[in-house]
Structure formats: structure tokens, C-alpha cells
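For reference, the structure is listed below as C-alpha cells.
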Amino acid sequence: MKKFNPDSLFASLVLFTLIYAISNSIFGIPPIGKVLNPFIGVVQNSSNDCLDMNLVDTKCNTRDSVEILIDKRKVPHIFAKNTHDLYFSQGYVTARLRLWQMDFFSYLAAGRLSEIIDNPVLLKQDRTQRRTGIVDAARKTLAFIKKDKEIWDILSSYTEGINAYIDQLNYKNMPLEYKILNYSPERWTNLKSVLILKLFSSTLSGYETDVYMSKLMLALGEKDFNLLFPEYINVFSPLIPKKEEQIRTNKFVHKPDYLNYNFLTSFNKPTFNDYNPKLGSNSWVVAASLTKSGYPILANDPHLELSLPCFWLEMQLKAPDINTYGVSIPGAPSIIIGYNDKISWGITNGADDNKDWYKLQINESKKEYLFDGEWKKLKVRLDTIKQRNGLVLIDTIYESIHGPIVYDRNFTADHIELSGYALKWGLHEPSNEFRSFVMVNRALNYNEFKSAISGFGTPILNFTFASDDGTIGAIHQGKIPKKMDGQGRFLMDGTISSLIPKQFIEQDDLPNIINPKKGYIVSANQHPTDEDYKYYYNGYYSEERANRINEILNGAINYSVEDAMKMQLDNVVFSAKHSICALIGMVDLEKIDERHRFLLNKLSNWDGSYSSEDKYAKLFDLWLSKIELSTWEEFKQYPFFAGYPSRGVLLNLIQEDQDNKFFDNIFTNERENARDIITISFREAVTEYKSLNAEGNISWGNLNKVDVLHMTKLPAFSKKGIELSGNPNSINAMSKNWGPSWRMIVEMGPSKKAYGIYPGGQSGNIGSKYYDNFLDDWQTGKFYELFLFKSKEEARKEATNNWLLL
Amino acid sequence: MKSKYTSISIAITVMLIFSMNYLTFLPWWSFCILIFFFGVYTSYKKWFIHCFIIGFFAGFLTWICSNLYYDFSNNGLILNRIGGLVPGGKLILLFLSGLTGGLLSGLSFYGGSKILK
Numbered sequence: 001m002k003k004f005n006p007d008s009l010f011a012s013l014v015l016f017t018l019i020y021a022i023s024n025s026i027f028g029i030p031p032i033g034k035v036l037n038p039f040i041g042v043v044q045n046s047s048n049d050c051l052d053m054n055l056v057d058t059k060c061n062t063r064d065s066v067e068i069l070i071d072k073r074k075v076p077h078i079f080a081k082n083t084h085d086l087y088f089s090q091g092y093v094t095a096r097l098r099l100w101q102m103d104f105f106s107y108l109a110a111g112r113l114s115e116i117i118d119n120p121v122l123l124k125q126d127r128t129q130r131r132t133g134i135v136d137a138a139r140k141t142l143a144f145i146k147k148d149k150e151i152w153d154i155l156s157s158y159t160e161g162i163n164a165y166i167d168q169l170n171y172k173n174m175p176l177e178y179k180i181l182n183y184s185p186e187r188w189t190n191l192k193s194v195l196i197l198k199l200f201s202s203t204l205s206g207y208e209t210d211v212y213m214s215k216l217m218l219a220l221g222e223k224d225f226n227l228l229f230p231e232y233i234n235v236f237s238p239l240i241p242k243k244e245e246q247i248r249t250n251k252f253v254h255k256p257d258y259l260n261y262n263f264l265t266s267f268n269k270p271t272f273n274d275y276n277p278k279l280g281s282n283s284w285v286v287a288a289s290l291t292k293s294g295y296p297i298l299a300n301d302p303h304l305e306l307s308l309p310c311f312w313l314e315m316q317l318k319a320p321d322i323n324t325y326g327v328s329i330p331g332a333p334s335i336i337i338g339y340n341d342k343i344s345w346g347i348t349n350g351a352d353d354n355k356d357w358y359k360l361q362i363n364e365s366k367k368e369y370l371f372d373g374e375w376k377k378l379k380v381r382l383d384t385i386k387q388r389n390g391l392v393l394i395d396t397i398y399e400s401i402h403g404p405i406v407y408d409r410n411f412t413a414d415h416i417e418l419s420g421y422a423l424k425w426g427l428h429e430p431s432n433e434f435r436s437f438v439m440v441n442r443a444l445n446y447n448e449f450k451s452a453i454s455g456f457g458t459p460i461l462n463f464t465f466a467s468d469d470g471t472i473g474a475i476h477q478g479k480i481p482k483k484m485d486g487q488g489r490f491l492m493d494g495t496i497s498s499l500i501p502k503q504f505i506e507q508d509d510l511p512n513i514i515n516p517k518k519g520y521i522v523s524a525n526q527h528p529t530d531e532d533y534k535y536y537y538n539g540y541y542s543e544e545r546a547n548r549i550n551e552i553l554n555g556a557i558n559y560s561v562e563d564a565m566k567m568q569l570d571n572v573v574f575s576a577k578h579s580i581c582a583l584i585g586m587v588d589l590e591k592i593d594e595r596h597r598f599l600l601n602k603l604s605n606w607d608g609s610y611s612s613e614d615k616y617a618k619l620f621d622l623w624l625s626k627i628e629l630s631t632w633e634e635f636k637q638y639p640f641f642a643g644y645p646s647r648g649v650l651l652n653l654i655q656e657d658q659d660n661k662f663f664d665n666i667f668t669n670e671r672e673n674a675r676d677i678i679t680i681s682f683r684e685a686v687t688e689y690k691s692l693n694a695e696g697n698i699s700w701g702n703l704n705k706v707d708v709l710h711m712t713k714l715p716a717f718s719k720k721g722i723e724l725s726g727n728p729n730s731i732n733a734m735s736k737n738w739g740p741s742w743r744m745i746v747e748m749g750p751s752k753k754a755y756g757i758y759p760g761g762q763s764g765n766i767g768s769k770y771y772d773n774f775l776d777d778w779q780t781g782k783f784y785e786l787f788l789f790k791s792k793e794e795a796r797k798e799a800t801n802n803w804l805l806l
Numbered sequence: 807m808k809s810k811y812t813s814i815s816i817a818i819t820v821m822l823i824f825s826m827n828y829l830t831f832l833p834w835w836s837f838c839i840l841i842f843f844f845g846v847y848t849s850y851k852k853w854f855i856h857c858f859i860i861g862f863f864a865g866f867l868t869w870i871c872s873n874l875y876y877d878f879s880n881n882g883l884i885l886n887r888i889g890g891l892v893p894g895g896k897l898i899l900l901f902l903s904g905l906t907g908g909l910l911s912g913l914s915f916y917g918g919s920k921i922l923k
């Protein structure tokens with residue numbers, strides 16, 4: 001008989017240590033024992049792509065059977081027999097395709113990223129996120145939605161569907177990112193869906209420049225401030241046309257009485273905002289009278305950060321009282337942009353300023369603030385942030401009647417100038433945006449559409465509309481506060497109640513338009529109205545794209561889907577096209593030499609188009625930025641410098657007041673005018689252009705490279721350096737990392753023709769061939785045909801796969 | 807005779823590792839226990855084989871080949887992308903997986919075979 005050998009324990013000990021070590025993440029390295037394990041590890045994430053399979057899921061507890069038909073492009077078409085099953089299936093399908101993405105969004109929105117990734121930068125981001133009050137707002141909104149039984153049930157069905165999928169997951173089949181980051185999916189909740197909508201809202205309405213504008217108002221004085229930072233520039237095409245009678249003019253903004261150097265804190269550092277003001281969208285609707293088919297055409301392309309997986313997920317939802325197709329946001333029920341049997345709709349960012357900072361006077365105990373002459377108690381809230389490393393951070397957040405104090409002496413996060421200010425932000429208000437989208441999906445005419453969106457509060461959006469009956473329309477929709485002139489452009493005094501807007505613009509007074517005489521509607525983040533609008537409002541509007549769309553549509557006849565496609569890919573920058581002649585005319589030909597004249601001549605034939613093969617777009621770009629630099633050189637003197645006046649203002653000044661003092665370079669003895677600045681800038685631009693040219697290809701595409709990054713920013717999962725046409729200010733609004741995130745064109749009528757494409761793919765799985773398969777076609781400007789099937793039988797003919805939920 | 811036992815034990819070890827494909831409800835390292843007991847059995851039966859080398863060889867091969875199989879059957883997309891995360895790319899990744907599988911099964915087999923004297 002053999003005996004136990006104690007020496008052998010050493011080998012076993014080594015074995016156990018090894019197993020323990022590679023079962024866990026060490027120094028940020030994923031647990032290799034699991035990740036590289038061929039039977040459960042990452043390699044399993046590529047096997048059995050669900051989009052290529054026929055599935056029968058019997059664990060779903062749907063009330064009736066649901067058939068989901070997957071078409072050639074892997075778009076799911078959901079056919080349910082009741083409302084519960086429809087949204088249950090939407091949740092289920094979305095989770096199957098994009099679970100990690102939507103889960104990650106919910107962590108991001110809730111300020112919980114530190115729970116999954118150990119990183120001090122993320123901890124700071126989490127704290128900021130929580131302190132801005134988004135999570136609190138989401139909870140209030142959830143309670144508000146709970147009172148609306150119909151929507152609450154829909155939201156709950158959606159959650160149920162997601163959880164039905166999550167419950168089937170084990171290590172082997174859970175999305176790859178969980179394995180790499182070494183955590184597991186948690187069950188979905190209705191709150192997570194609300195958080196995702198709040199995140200969307202914050203992305204679109206987070207930008208503001210209150211600190212910078214306040215400092216500039218004091219530094220420049222009222223006159224110069226209004227000249228350089230006007231509410232309206234001369235050339236603009238508002239969403240709704242001018243009214244006959246002028247009710248009021250919003251032209252001149254006065255300095256608020258309280259705004260002086262005693263009021264402003266003296267921290268002289270640049271005040272950058274973390275949000276991107278350029279995220280916007282185009283949408284236009286052409287009336288039946290101008291189209292070839294005799295039915296309206298609606299086009300929409302929202303510009304968002306380009307990411308993998310894409311922000312959007314395409315699908316069709318069909319149940320007895322609803323049949324709609326379009327893109328949805330993973331994590332939120334219903335279709336956000338799309339069309340149904342009778343109507344189509346689009347959205348663009350309203351771009352209004354709905355975020356203000358109030359300076360509080362806080363007493364020495366740090367517990368009370370002065371409000372209308374009385375000391376009021378600050379609300380105190382403790383927030384617990386769990387971290388990956390097991391530590392817990394308890395954060396104290398104070399709140400006044402205006403909103404949370406985001407930055408204080410304990411947490412300045414690079415925004416010391418806003419320390420002690422309370423934030424009032426439109427998204428803090430509870431509102432039920434889910435109801436709007438659900439009802440829009442079902443709406444069959446303009447009235448139903450209008451009443452569907454009437455409760456839509458935040459973010460402020462322009463909704464565009466077209467229907468089979470020939471109606472076209474648009475509404476600048478949201479809960480927009482009634483403000484006094486100039487209110488909200490600057491930091492506000494938090495000690496008086498009169499500066500808090502108490503009323504909102506009534507629904508019927510919101511800028512809206514239906515069947516305009518000119519036969520088309522354009523919405524591209526421009527001013528919704530002319531100066532004569534009833535109420536004062538302000539925002540971060542861009543006029544360029546709207547001007548260009550108007551220019552093309554003006555005089556359009558026999559307008560077709562192909563024309564709309566061409567327009568969405570249009571690379572012309574309106575102001576460039578229309579200012580180039582004037583600029584060239586102002587160059588002093590005696591002060592430039594032969595090679596300058598050669599290039600100047602080339603530029604005179606340039607049409608303002610930033611297409612990828614264009615060789616002169618870069619020259620113009622360089623020229624304009626040099627002009628900008630030497631005109632506004634005095635701005636660099638300000639220690640708080642954070643940006644120049646807009647290009648519209650610059651080009652206007654060049655054409656109307658060439659001897660304006662701002663053209664004089666304060667660093668030279670001579671007095672320059674616009675002509676001098678333009679000539680000198682051209683010479684400098686040519687020098688830089690030549691050296692760029694010597695380095696290689698000068699074509700715009702070669703210089704305009706776009707990155708579509710995976711949400712973790714890991715380069716291995718991203719597509720980088722895609723050569724593209726376009727410019728942030730052209731209709732084809734393209735930038736380094738954001739651009740047209742969904743292009744859609746719908747021609748209305750009994751047999752609708754619809755087209756669309758987004759940069760990405762339907763699957764969120766890095767190991768799937770449907771992860772980024774639309775990207776190449778998106779890059780070359782192709783469109784896919786979209787199918788809103790009327791029946792299951794019709795869908796079956798086009799389907800490659802079939803999922804059945806029982 | 808020894809070479810016969812060597813090939814038999816390689817085959818059995820490979821099978822034990824591979825059984826994890828069907829026993830996914832167990833912890834991922836359960837195959838180590840199976841191999842460990844197989845090691846005990848070989849020493850009881852006095853097979854006198856190089857347990858660590860055999861275990862390592864079987865583990866190395868099974869993990870690399872299985873990873874390659876699943877990867878190839880799906881156009882090699884997944885390991886190409888994951889390979890982008892490590893210097894050296896896909897090859898290093900495969901080697902690492904082989905090394906892990908090899909060490910685990912080698913140590914288990916060896917540990918099992920030495921437990922009795």
C-alpha cells in the first residue's frame with residue numbers, strides 16, 4: 001500500500017497559487033486563466049454569432065409568442081401581439097446586441113465608472129457627474145414617470161426583456177468587455193433607462209459659456225461685447241420665418257447691474273466647458289409641391305460623437321397599434337428617429353442655453369445662504385461612491401433653491417471659478433420623455449404628433465415632421481424658461497429670487513411652423529426665430545449649415561430622394577463660399593509675389609467645398625485661421641481667454657468695417673486695417689501650406705482623418721484615421737471624433753422609400769463581423785434601403801434569420 | 807511499455823481538459839482536479855511516466871489548438887482584435903494561452919502523481 005507523500009504538497013501549493021493568481025485581475029491585466037481559456041474565454045465571444053442563428057427562447061415569459069425577423073443587414077423586425085411583448089422584445093433584442101454598451105452608459109450616467117475601473121481621473125468624473133445633480137434628477141424623473149401607468153408598464157416590460165437575457169448569461173457567453181474589465185453584468189432597472197435619457201440630455205445641453213461671457217462683458221464693455229458677441233449675426237435663416245409685425249427686438253444685451261469686478265471671482269484662468277457645442281444635427285423637410293413624387297421628403301442626420309458600438313441601433317417595432325422603423329438608443333424603449341405607416345419625424349438639437357450658474361452668498365458656518373435678505377439653510381446630501389479597489393468615498397453635496405453646488409472648496413475639479421455657485425439646469429426638472437417617443441411612434445397625423453411631443457421637456461429639441469397627407473411641420477420643443485433680456489448669458493446673482501425664471505413658455509408659443517409657403521423647413525441648430533420672437537432666449541446656435549441648406553432648397557423643383565442624399569453629403573461651407581471673393585478682392589496684390597498670386601488665382605476658382613480630394617480647402621482654412629489670429633490678437637492678452645468671436649462676426653466685420661480698431665495689431669507701431677491683416681495672413685498661410693505640401697499630400701481627406709473609437713478608447717477595438725470629406729460647418733458635418741451618426745431620408749406616400757446608414761454595425765460584439773460592417777459604406781457615402789414591413793409574411797421573404805420568444 | 811503509457815496519458819489528459827467544454831457549470835479550473843486524480847491513478851498503477859512534461863504538452867496543445875479552432879471558425883476576427891491589446895499580437899496571445907494551459911495541467915498531473923509514495 002502506498003503512503004501519503006508530504007513533499008508533493010509543494011507542487012499542489014504552486015498550482016493553487018497559480019490558479020488564484022490567474023483567476024483575478026492583477027495590475028490591470030485581465031484574469032488570463034479565464035480570458036485566454038478556450039472554452040469560456042474571449043475566443044468564445046466570436047462563436048455562434050446570434051445574428052446568424054435561428055433561435056427559440058422559451059425562458060422569456062412573454063404573454064404571447066413574439067417573432068423577430070432579422071433581415072440581410074441584421075436589422076431586427078419585431079412582431080408582437082401586444083404592447084407588453086413588444087417592449088419586452090425590444091429590451092431583449094437590444095440586450096442581446098448591445099448589453100455592455102447600454103450598461104456602460106448607465107454607469108457613466110450614474111457616476112459609477114470607478115466601480116468598474118480603477119482610475120483617479122474617472123473618480124473625479126464620477127464625482128462631477130453626481131454633483132451636477134443628474135442622478136438625483138433621474139430619481140425624481142423616475143418617480144414622476146411612475147404616476148403614468150401606461151408608460152411605467154412599457155418601461156418595466158423593456159427592463160424585463162433585458163433581464164430575461166441577462167439571466168441567461170454565464171461567464172462563457174457574456175459580452176467580451178466584461179471579461180476584459182473583469183466584472184459581471186448587473187440586472188437592469190427602470191432607473192438605468194431614465195439615466196440613459198438624462199445622459200443624452202446632458203450631452204446635448206451641457207455646453208455654456210457663462211463665466212467667459214461675464215468676464216468678457218466686463219473687459220470689453222457693452223458696446224464692443226455686443227459687436228463681437230451678438231445674439232444674432234447678419235446672415236441667418238431661422239427655423240420659422242419672420243413675422244409681419246415686430247413685437248420686440250432682442251438686439252442689444254445690457255450688462256446686468258450686479259455684474260462687476262466685486263461680483264466676479266478673480267481667478268484668471270481659462271474657463272473651458274467639458275461639453276461639445278458643435279454636437280448638432282441637420283433636418284429638412286420638403287413639401288409635396290416641390291418633390292418629384294408628389295409626397296413630402298424628410299431628411300435627418302444627427303451629429304454625435306462617433307463611437308463603436310454606434311450610439312444608435314436600428315429596428316422595426318410592430319404590434320397591433322404600432323408599426324414603426326428607425327433608430328433607438330440602447331437602454332431606452334421606443335424608436336427615437338424614424339417613420340411609421342403614416343408619418344416620419346426627425347430631431348435636431350435645440351441648442352438653447354438651459355444651464356445657469358447662480359453665485360451664492362454663503363455664511364461662515366457654510367450651512368446657510370442669503371436669499372432675498374434672509375438666511376436659508378443649504379440642503380445637505382451625502383453621496384457614497386464605491387471604488388473598484390474596495391475603498392468608499394463619501395462626498396458631501398450642498399444644494400440651494402437653485403440647484404446643487406457642483407464645485408466647492410472640497411472639490412474644485414479645474415473649475416475653481418465656479419466654486420460656491422449653484423447650478424440650475426433644465427434637465428433637473430422631472431419630465432416624461434418616454435411618453436413623447438412612445439406616442440410619436442404611434443402618431444398618424446400632425447395633431448397626434450404635436451400632442452405626443454407636447455410633454456417633452458429636456459433636452460430642448462427641434463422636431464421635424466412629414467406625413468402622407470402632405471403636412472410638413474417643425475416645433476422647437478422643450479421646457480423653455482421665460483427669461484428677462486440677457487438673462488442666462490452671464491453668471492447670475494443667487495441672492496435674489498427675481499433672477500430665477502418661474503414660468504415656462506406656453507406650448508402654443510413655442511416656435512413652430514406648419515406647411516410654410518416656401519415649401520420647405522430647415523432645422524440645423526440655427527436660431528429658431530428672428531429677433532422679433534415674443535420672449536428673450538439665448539443659446540449656442542450655428543447658422544452655417546442652415547444657411548447652406550436654405551441656399552440649396554431655395555428654388556428646388558422636382559426634389560427627389562437622390563437630391564436629399566447628395567445634400568447630406570454636401571461639403572460646402574456657406575460662409576467660405578460666400579466670403580472667398582470678398583477676401584481675395586481685399587488682398588493687396590502689390591504686397592504679394594508671383595507664387596502667392598498663383599495660389600490666389602487657384603483659390604478664386606474654389607467653391608467652398610471641403611471634399612476629400614480638394615487641394616485648396618486647407619489653404620483657405622489656414623488663411624482664415626491666420627486672419628482670425630491676427631484680428632483677435634488682443635484676446636490672447638486676457639488670462640481667462642477661452643475662445644474668439646465667431647467666424648460669422650469676423651467675416652461681417654471684414655466686409656462692413658475695414659478700419660475697425662480690432663484689425664490693428666497691438667504689437668506693431670503701424671495701424672493695420674482689414675486689408676493689411678488679410679494680405680499678411682495670406683502670405684503666412686501660403687508659407688505654411690507650401691511646407692505642408694512638401695511633406696506630402698495636401699488633399700483635404702488626407703488632413704481630415706476621423707477616429708471612430710470604441711467606448712473604452714482602446715485602439716485595438718477602434719477604427720482610426722478614416723479619410724473623410726466634410727467640415728464641422730458643412731452639411732456633411734465631419735470632425736475628428738464626431739459627425740453624422742445616422743443619416744436618414746424618408747419619402748412619404750403609400751409605398752414609402754426610406755434610406756439610412758450609421759457608422760458602425762448592429763452588433764456590439766467585437767468578435768462579430770457585424771460590429772463595424774457599415775463603416776466602409778458610411779465612409780464612401782452610401783445609403784441602405786430601409787424596410788418597414790407591413791406583415792410578418794412580407795418580412796419573412798427578406799429575413800435571413802428568425803428568433804422566436806415564447 | 808513506457809511509450810504506450812505516455813501516449814495513453816496524453817490522450818486522457820487532453821480529454822479531461824476538453825471535458826471543460828461541456829462542464830461549463832463548474833469553476834473554470836475544475837479540469838485541474840480531474841487531471842490531479844488521474845495523476846494519482848497513474849502513480850498507483852506504477853506507469854512511471856514524465857507527468858509534468860506530459861501534462862504540460864497536453865495542456866499547451868489543447869489550449870492553443872482549441873483557441874485557434876474557435877478563432878478560425880469565425881474568420882479570426884476576435885483574436886486579431888484582442889491581439890491588438892498586447893505587444894506581439896495574436897501569436898503572443900496564443901503562446902500565453904498555451905503556457906497557461908500547459909502549466910496548469912502539467913502541475914496538476916505532476917502534483918497528483920507525487921501524492922503517494
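If you read the protein sequences in the order shown, they are chains A and B. Everything in the first sequence is counted per the numbering used here, starting at 1 for the first residue and increasing by one. Everything in the second sequence is counted per the numbering used here, starting at 807 for the first residue and increasing by one. The beta carbon of each residue, even a glycine, is placed where N, CA and C say it ideally should be. Since this is a predicted model, take the numbers as computed values, not measurements.
Count the other CB atoms, across all protein chains shown, that sit within 10 Å of the CB of residue i; report buried if there are 16 or more and exposed otherwise.
i, result
"B/ASN873", "buried"
"A/SER609", "buried"
"A/GLY648", "buried"
"A/GLY294", "exposed"
"A/ALA582", "exposed"
"A/ILE77", "According to the sequence as given, residue 77 of chain A is His; it is not Ile. Under this definition A/HIS77 is a buried residue."
"A/ALA319", "buried"
"A/TYR325", "buried"
"A/GLY390", "exposed"
"A/THR58", "exposed"
I need the DSSP call for residue i, collapsed to helix, strand or coil.
i, result
"A/ASN119", "coil"
"B/ILE823", "helix"
"A/ASN512", "strand"
"B/MET807", "With a pLDDT of only 46 at B/MET807, under the threshold of 50, the placement of this residue in the model should not be trusted; the figure read from the coordinates follows. B/MET807: coil per DSSP, three-state reduction."
"A/ASN323", "strand"
"A/GLN507", "helix"
"A/THR349", "One detail in the question is off: residue 349 of chain A reads as Asn in this sequence, not Thr. If DSSP states are grouped into helix, strand and coil, A/ASN349 belongs with the strands."
"A/PRO6", "helix"
"A/HIS527", "coil"
What does residue i reach in chain B if we use C-beta pairs closer than 8 Å?
i, result
"A/ASN45", "ILE884"
"A/VAL708", "Residues of chain B passing the Cβ test: none, with the nearest at roughly 14 Å."
Whose Cβ in chain B lies nearer than 9 Å to the Cβ of residue i?
i, result
"A/PHE574", "By Cβ distance, chain B contributes nothing, its closest Cβ being about 41 Å from A/PHE574, past 9 Å."
"A/ILE521", "Result: empty, since nearest Cβ-Cβ is about 43 Å, beyond 9 Å."
For residue i, go through chain B and note every residue whose CB falls closer than 7 Å to its CB, in chain order.
i, result
"A/ALA809", "Outside the modelled stretch of chain A, which goes from 1 to 806, sits residue 809 of chain A, for which no answer is possible."
"A/VAL42", "ILE884 and ILE888"
"A/PHE717", "ARG887"
Please confirm if residue i has its CB atom under 8 Å from at least one CB of chain E.
i, result
"B/THR819", "Although the question refers to chain E, the structure presented lacks it and instead comprises the protein chains A and B."
Interface residues of chain A around residue i at Cβ under 7 Å?
i, result
"B/TRP869", "PRO38"
Mind listing the chain A neighbours of residue i? Cutoff is C-beta to C-beta under 8 Å, in chain order.
i, result
"B/TYR800", "Examination of residue 800 of chain B is not possible in this model, given that chain B is present from 807 through 923 alone."
"B/TRP835", "ILE19, SER23 and GLY33"
Legend entry - Unbroken stretches of the alpha helix (DSSP H), 4 residues or longer, contained in the region 742-793 of chain A: Complete alpha helix (DSSP H) runs here, min 4: 775-779.
Legend entry - Sufficient close CB pairs (3 or more, under 8 Å) joining the region 689-699 of chain A to the region 607-624 of chain A: By the criterion of at least three beta-carbon pairs nearer than 8 Å, the region 689-699 of chain A is in contact with the region 607-624 of chain A.
Inset, instruction - For the region 105-117 of chain A and the region 84-92 of chain A, state whether three or more C-beta atom pairs, one from each stretch, are separated by less than 8 Å. - result: Contact between the region 105-117 of chain A and the region 84-92 of chain A is absent, because fewer than three Cβ pairs lie under 8 Å.
Inset, instruction - Mind listing, in chain order, the continuous alpha helix (DSSP H) runs of no fewer than 4 residues lying wholly within the region 91-175 of chain A? - result: Secondary structure in the region 91-175 of chain A: the alpha helix (DSSP H) runs of 4 residues or longer, each lying completely within the stretch, are 120-131, 134-146 and 149-166 in chain order.
Inset, instruction - Can you check the region 537-573 of chain A for any alpha helix (DSSP H) of at least 4 residues that lies completely inside it and give the ranges in chain order? - result: DSSP runs (the alpha helix (DSSP H)) wholly in the region 537-573 of chain A: 544-553 and 561-568.
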